[in-house]
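Since the structure comes first, as structure tokens, the remarks are kept for the end.
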Amino acid sequence: MFRKINAYLQTKWPTITWSAIVFVLLAFPIKPLREKKMLQLPEMDKLVHAFLFFVLVWLWAKYISGGKKLASATLLYIAAAATLYGISMEYIQLFTGRDFSVGDMVADGAGAFWAAVFLWAKNKPR
């Protein structure tokens, strides 16, 4: 069972699907959420951003690696690309009625680079 899940995670579909989910979550207006105050914890959205980009980098690394260990430089490139994706999403939000936030950019980058460090530490020879 776990082998099948792991093999599936190394295909392009989970990666593409998650990338699309991140786009939808960050691009569409969230005015109804603000009116209902569903996210009442201050700065909770930063944790959500970090989580989204952690998973994004993890999935891209799984797909690119094909089950093999990735070089640390490759992990850094993936994290940097994900961070640029997050930054570009903040600029897209300017046109969708959402707030532009440098803090969200930082959270996106933090989640991306945490994933890279996590994967690097997991693959590091002991």
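Numbers given in the working numbering equal positions in the sequence shown, counted from 1, plus 212. Every residue, glycine too, gets a C-beta built ideally from N, C-alpha and C. Quantities reported herein were computed from a predicted structural model and do not represent experimental measurements.
Cβ-Cβ distance between residue i and residue j below 8 Å
| i | j | result |
| --- | --- | --- |
| K258 | G315 | yes |
| P226 | R310 | no |
| F265 | A324 | yes |
| W230 | V260 | no |
| A262 | A319 | yes |
Sequence-distant residues of its chain with Cβ nearer than 7 Å to residue i (five each side left out)
| i | result |
| --- | --- |
| K281 | N335 |
| M317 | G298, I299 and E302 |
| L287 | A273, A328, L331 and W332 |
| Q222 | K274, Y275, G278 and G279 |
Residue nearest to residue i in terms of C-alpha spacing, selected from the options
| i | options | result |
| --- | --- | --- |
| F238 | T223, T308 and A273 | Note on residue identity: the sequence assigns Leu, not Phe, to residue 238. Cα-wise, what sits closest to L238 is T308. |
| A285 | M301, H261, Q305 and A328 | A328 |
| I276 | L331, K216, M213 and F214 | L331 |
| A322 | I304, F312, Y303 and L296 | L296 |
| N218 | M256, G278 and I228 | G278 |
Close beta carbons around residue i, own chain, < 6 Å, minus the five adjacent residues each side
| i | result |
| --- | --- |
| I290 | V269, W272 and A273 |
| A283 | none |
| Y220 | none |
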